[in-house]
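Engineer: Have a look at this one.
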Amino acid sequence: MPDRKQFRDLAPPEEAHEAIASLDLDPGTETVPLSEARGRVLAERVDAELDVPGFDRASVDGYALRAEDTFGADEADPARLELAGVVHAGEHPDVTVEPGTCAEISTGAVVPPGADAVVMVERTDRDDGDVLVRTSLAPGDRIMFAGTDVAAGERALGPGTELTAREIGLLSALGVDEVPVRKRPTVGIISTGDELVRPGEALDSEAGQIYDVNSYTVATGVEEAGGVAKLYPHAGDDYDEMERILTEAAAECDLVLSSGSTSASAVDVIYRVIEDSGELLLHGVAVKPGKPMLIGTIADSAYVGLPGYPVSALTIFRTFVAPAIRRAAGLPEPRTATVEGRMAVEERYAEGRLRLMPVGLLEDEDGETLVYPVDKGSGATTSLVEADGVVDVHPDTEYLGEGETVEVRLFSPDVRAPTVFGVGEDDPALSRLLDRLDRPRYLALGSREGLRRLRNGVPDVAVTSAPGDVGFDAEELGSWTREWGLVVPAGNPEGIEGLGDLVDRDLRFVNRTSNSGLRTTFGNAVADLAAERGVERHDLVEAIDGFDAGVRAHESPARRVLAGKADAGLGLRATAEALDVGFVPLGEETVRVLANPERVGKPGVEALREVLESGDDVFGSLAGYGR
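When we follow the numbering used here, the leftmost residue of the sequence shown carries the number 6, and every step to the right adds one.
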């Protein structure tokens, strides 16, 4: 077996920034039609080749006249002028304003010869074909002279200007129909690994296949940074195939990004590909997540290897690569949106490298911002959407204390804390009720975890189906009941009648995880059966094949049964009907929504209470549910 590559000398983050800055990502320039120029960056100065406006024009509807004919005029003693003609916008004037005359004129029309002012129609009256002007005017009143906006030869826009609606409008006024702009850097994106499958294609979970997340998240990040993303076919862990795809991408792109195959593993042949085909500048950065990052070149193209885990890949991309793409596109760094908040819980850390810690935001009862870690591991894709930003934790930091003030770099300026934040039991009725709230956030981590976090004061609410007193102060917002039992294949081919069959027969069973309140209910039922039989609970637990293992969500056991991996699974009647499988009822349990007493006055918590009180239609639509 080949030696594993070790990361003994990790580069500091500053060195990684410098290495990427040294790469040549300059895409050059191009000329694009004005209709396609929005968001692009000017490559050259644009000078006005004509006056804007190109003629003296009226700025109001009214009458063009000679200002000296109105001297002394007012409401009581108006100036009387003969109407000599009419001038419409877009027409050559066919009238000359002589002393004692005027011409009716539209906004934007050419001021006719002889006129040096325009009176607005509201300050005039008509009298037998004459115009009575009830105000005095000075030369130039209500006229925009040629070149007032932009004069011919004047610098209109400079290089580096990002073209928005305002700049496009100016260029249109100058008659410019195409503009020189910086090209967007083309970024080739390659996800490596034999286990990856494109979304939409068949997935073989038994073979360890997973859907490709990084190609699409990184491609979106490239576009947001001003680049053009180009996706390439998956490269497996075969050296020749990987070299072919990398070489092709390098020939076509300014920058090549790969994800996966950068960790210290014998199958990660990309390390050798870069060494053989280009130059490796850096391998391994002292940052978490994202230690296994590569920076180098392939032929004439820049190259950055991102970690394989989605959270790590996107974090490293945002921190190190996106700024380089923006520079290459000529775009400025976006205004960094930051917010200060207090840590809702203590977070320990002592790994000696910079930690880019994903965090979520919520507001306490006083509207102050609280910050809590969102860290399910680098491989958990839900961390991408459950986090609101990142806190930089210095390598020398051992822990962040509860209540300690931290600065959060938000993922975007429009990030807002959820109106209500809950943690707890996975439940189909709850999912429907949450749809009726504005911007809720709910983490279905199970009853036990929900109660633990509520006790620690982090979420606004916890949802639990665990029976009994929770052991701390909490206010109940509402509750409902749900029927639970064993989910079995359609038709119940094994003829399972109850809990005793799991104990007495050789049946494969799928349980829920230990955090699930439904598992607690099931465990209590096992204890009751043990008492009836006069045996110890652990004897029955050991007799049930699969009791100690567990899956997380309410549909997971049923899907294992559907796949033929189990004879029975712990589940709900509503789940069985939804998936068209059999169901053996074992009992009913109560699901409660408990609130932090100090936050029951929060608008989001009050809204949740109202939704619970009016949710009879939801409970009535699900089999086995009730109040």
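A virtual CB, placed ideally from N, CA and C, is assigned to each residue, including glycine.
Give the secondary structure of Glu615 by DSSP, where H, G and I count as helix, E and B as strand, and everything else as coil.
Structural biologist: Walking along the sequence shown from the start, residue 615 turns up at place 610. Of the three classes helix, strand and coil, the one that applies to Glu615 here is helix, per DSSP.
Engineer: What does the alpha-carbon distance come out to for the pair Thr374 and Glu345?
Structural biologist: Here residue 374 corresponds to residue number 369 of the sequence shown, with the count starting at 1. Here residue 345 corresponds to residue number 340 of the sequence shown, with the count starting at 1. Rounded to the nearest angstrom, the two C-alpha atoms are 7 Å apart.
Engineer: Reducing DSSP to helix, strand and coil, say where Ser306 ends up.
Structural biologist: Within the sequence shown, numbered from 1, the residue matching residue 306 stands at position 301. Looking at Ser306 - three-state DSSP - the assignment turns out to be strand.
Engineer: Three or more C-beta pairs under 8 Å: does that hold for the region 277-291 against the region 217-229?
Structural biologist: In the pairwise beta carbon analysis, the region 277-291 is classified as not touching the region 217-229: fewer than three pairs are separated by under 8 Å.
Engineer: To the nearest angstrom, how far is the alpha carbon of Tyr68 from that of Gly180?
Structural biologist: Translated into the one-based positions of the sequence shown, residue 68 becomes position 63. Translated into the one-based positions of the sequence shown, residue 180 becomes position 175. Approximately 29 Å between the Cα atoms of the pair.
Engineer: For Leu359 and Asp397, which I take to be in contact (beta-carbon distance under 8 Å), what is that distance rounded to the nearest angstrom?
Structural biologist: As a first step, residue 359 is located in the sequence shown; it is residue number 354 there, counting from the start. As a first step, residue 397 is located in the sequence shown; it is residue number 392 there, counting from the start. Confirmed, Cβ separation roughly 7 Å.
Engineer: If you follow the alpha helix (DSSP H) that Val316 is in, where does it begin and where does it stop?
Structural biologist: Translated into positions along the sequence shown, residue 316 becomes position 311. Per DSSP, the unbroken alpha helix (DSSP H) holding Val316 starts and ends at 315-321.
Engineer: So, Leu361 versus Val395, is the Cβ gap smaller than 7 Å?
Structural biologist: Taking the sequence shown and counting its residues from 1, one reaches residue 361 at position 356. Taking the sequence shown and counting its residues from 1, one reaches residue 395 at position 390. In this structure, Val395 lies closer than 7 Å to Leu361 by Cβ.
Engineer: How would you write the range of the beta strand (DSSP E) that Pro18 sits in, first residue to last?
Structural biologist: Reading the sequence shown from its first residue, position 13 is the one you call residue 18. Run containing Pro18: none in the beta strand (DSSP E); it sits in the alpha helix (DSSP H), 18-26.
Engineer: So is Leu15 buried or exposed if we call it buried at 16+ other beta carbons inside 10 Å?
Structural biologist: Here residue 15 corresponds to residue number 10 of the sequence shown, with the count starting at 1. Under this definition Leu15 is a buried residue.
Engineer: Going by Cα to Cα distance, which pick from Leu617, Glu370, Lys570, Ala334 is closest to Ser436?
Structural biologist: Taking the sequence shown and counting its residues from 1, one reaches residue 436 at position 431. Ser436 has its Cα closest to that of Leu617, out of Leu617, Glu370, Lys570, Ala334.
Engineer: Helix, strand or coil for Gly113, going by three-state DSSP, please let me know.
Structural biologist: Mapped onto the sequence shown, residue 113 falls at position 108. If DSSP states are grouped into helix, strand and coil, Gly113 belongs with coil.
Engineer: From the DSSP output, which residues share a beta bridge with Thr106?
Structural biologist: Start at 1 with the first residue of the sequence shown, and residue 106 comes out as number 101. Thr106 is bridged to Glu87.
Engineer: Pick helix, strand or coil for Ser40, following the three-state DSSP scheme.
Structural biologist: As a position in the sequence shown, residue 40 is number 35, starting the count at 1. It is helical.
Engineer: The beta strand (DSSP E) that contains Gly365, what's its start and end?
Structural biologist: Residue numbering aside, residue 365 sits at position 360 when the sequence shown is read from its first letter. Counting along the chain, the beta strand (DSSP E) containing Gly365 begins and ends at 359-368.
Engineer: Have a look at Gly427, Ala327, Asn497 and flag the residue whose alpha-carbon is nearest the alpha-carbon of Val192.
Structural biologist: Start at 1 with the first residue of the sequence shown, and residue 192 comes out as number 187. Closest option to Val192, Cα to Cα, is Ala327.
Engineer: Please determine, among Tyr308, Glu172, Gly310, Ile321, the residue with the shortest C-alpha to C-alpha distance to Glu53.
Structural biologist: The residue you call residue 53 lines up with position 48 of the sequence shown. The question names Glu, but residue 53 in the sequence shown is Ala. Considering only alpha carbons, the answer is Glu172.
Engineer: Are the CB atoms of Leu30 and Leu260 within a distance shorter than 7 Å?
Structural biologist: Position 255 of the sequence shown, counted from the first residue, corresponds to residue 260. Position 25 of the sequence shown, counted from the first residue, corresponds to residue 30. The answer is yes: Cβ separation under 7 Å.
Engineer: Go ahead and label Arg331 buried or exposed: buried means 16 or more other beta carbons lie within 10 angstroms of its beta carbon, across all protein chains shown.
Structural biologist: Sequence index remark: in the sequence shown, residue 331 carries index 326 (1-based). Looking at its Cβ environment, which holds 16 or more other Cβ atoms inside 10 Å, Arg331 is buried.
Engineer: Assuming contact is defined by CB atoms lying nearer than 7 Å, are Val390 and Val376 in contact in what I supplied?
Structural biologist: As a first step, residue 390 is located in the sequence shown; it is residue number 385 there, counting from the start. As a first step, residue 376 is located in the sequence shown; it is residue number 371 there, counting from the start. Val390 places its beta carbon 7 Å or farther from that of Val376.
Engineer: Who does Ala550 pair with in a DSSP beta bridge?
Structural biologist: The count along the sequence shown starts at 1 and reaches residue 550 at position 545. At residue 550 the sequence reads Asp, which differs from the Ala that was named. In the DSSP output, where bridge partners are listed per residue, Asp550 has Arg513.
Engineer: Mind checking Ala571: buried by the 16 CB within 10 Å criterion, or exposed?
Structural biologist: Locating residue 571 in the sequence shown gives position 566, counting from the first residue. It counts as buried.
Engineer: By alpha-carbon positions, which one of Leu319, Thr402, Val292 ends up nearest to Leu262?
Structural biologist: Looking up residue 262 in the sequence shown gives position 257. When Leu319, Thr402, Val292 are compared, the shortest CA-CA separation from Leu262 is found for Leu319.
Engineer: Thinking C-beta only, is Gly265 closer than 7 Å to Gly313?
Structural biologist: For this step, residue 313 is matched to residue 308 along the sequence shown. For this step, residue 265 is matched to residue 260 along the sequence shown. In contact: Gly313 and Gly265 (Cβ atoms closer than 7 Å).
Engineer: Quick one: measure Cβ to Cβ for Leu88 and Gly119, integer angstroms, because I've assumed they're closer than 8 Å.
Structural biologist: As a working mapping, residue 88 is identified with position 83 in the sequence shown. As a working mapping, residue 119 is identified with position 114 in the sequence shown. No, Leu88 and Gly119 are not in contact; Cβ-Cβ is about 14 Å, not under 8 Å.
Engineer: Which whole runs of the alpha helix (DSSP H) in the region 472-538 are 4 residues long or more, in chain order?
Structural biologist: 504-509, 522-538
Engineer: Could you check what DSSP says for Ala271 in three-state terms: helix, strand or coil?
Structural biologist: Here residue 271 corresponds to residue number 266 of the sequence shown, with the count starting at 1. Only weak support is given to the placement of Ala271: the predicted model assigns it a pLDDT of 33, under 50, and the question is left unresolved by the model.
Engineer: Please name the residue or residues paired with Phe426 in a DSSP beta bridge.
Structural biologist: What you label residue 426 is simply residue 421 of the sequence shown in a count that begins at 1. Looking at the DSSP assignment, Phe426 forms a beta bridge with Arg446.
Engineer: Return helix, strand or coil for Phe416, following the three-state DSSP convention.
Structural biologist: Here residue 416 corresponds to residue number 411 of the sequence shown, with the count starting at 1. In this structure, Phe416 counts as coil in the three-state DSSP scheme.
Engineer: In three-state DSSP terms, what is Gln11?
Structural biologist: Stepping through the sequence shown from its first residue, residue 11 is reached at position 6. No answer about Gln11 holds up, because its pLDDT of 48 lies below 50 and its placement is not dependable.
Engineer: Measure the Cβ-Cβ separation of Leu442 and Ala600 and say whether it is below 7 Å.
Structural biologist: What you label residue 442 is simply residue 437 of the sequence shown in a count that begins at 1. What you label residue 600 is simply residue 595 of the sequence shown in a count that begins at 1. Not a contact, by the Cβ cut-off of 7 Å.
Engineer: Taking DSSP's pairing of strands, which residues face Ala240 in a bridge?
Structural biologist: Position 235 of the sequence shown holds residue 240. Beta-bridge pairing links Ala240 to Thr197.
Engineer: For Ser383, which residues in the same chain have their Cβ closer than 6 Å to its Cβ, ignoring the five residues on either side in sequence?
Structural biologist: Translated into positions along the sequence shown, residue 383 becomes position 378. In this predicted model, Ser383 has a pLDDT of only 49, less than 50, meaning its place in the structure is not dependable; the value taken from the coordinates is given anyway. Only Pro294, Tyr314, Val316, Ser317 meet the Cβ criterion.
Engineer: Taking C-alpha atoms, which residue in Gly289, Val309, Glu257, Pro297 lies nearest to Ile279?
Structural biologist: Translated into positions along the sequence shown, residue 279 becomes position 274. Among Gly289, Val309, Glu257, Pro297, the Cα nearest to that of Ile279 is on Val309.
Engineer: Give the DSSP-derived three-state secondary structure of Ser383 in the structure shown.
Structural biologist: Stepping through the sequence shown from its first residue, residue 383 is reached at position 378. Residue confidence is low: Ser383 scores 49 on pLDDT, short of 50, so the model does not pin down where it sits. Its coordinate-derived value is still stated next. Correct three-state label for Ser383: coil.
Engineer: Kindly list the residues whose CB is nearer than 7 Å to the CB of Leu142, restricted to its own chain and excluding five residues on each side of it in sequence; keep chain order.
Structural biologist: The residue given as residue 142 occupies position 137 in the sequence shown. Answer for Leu142: Ala72, Thr75, Ala122, Val124, listed in chain order.
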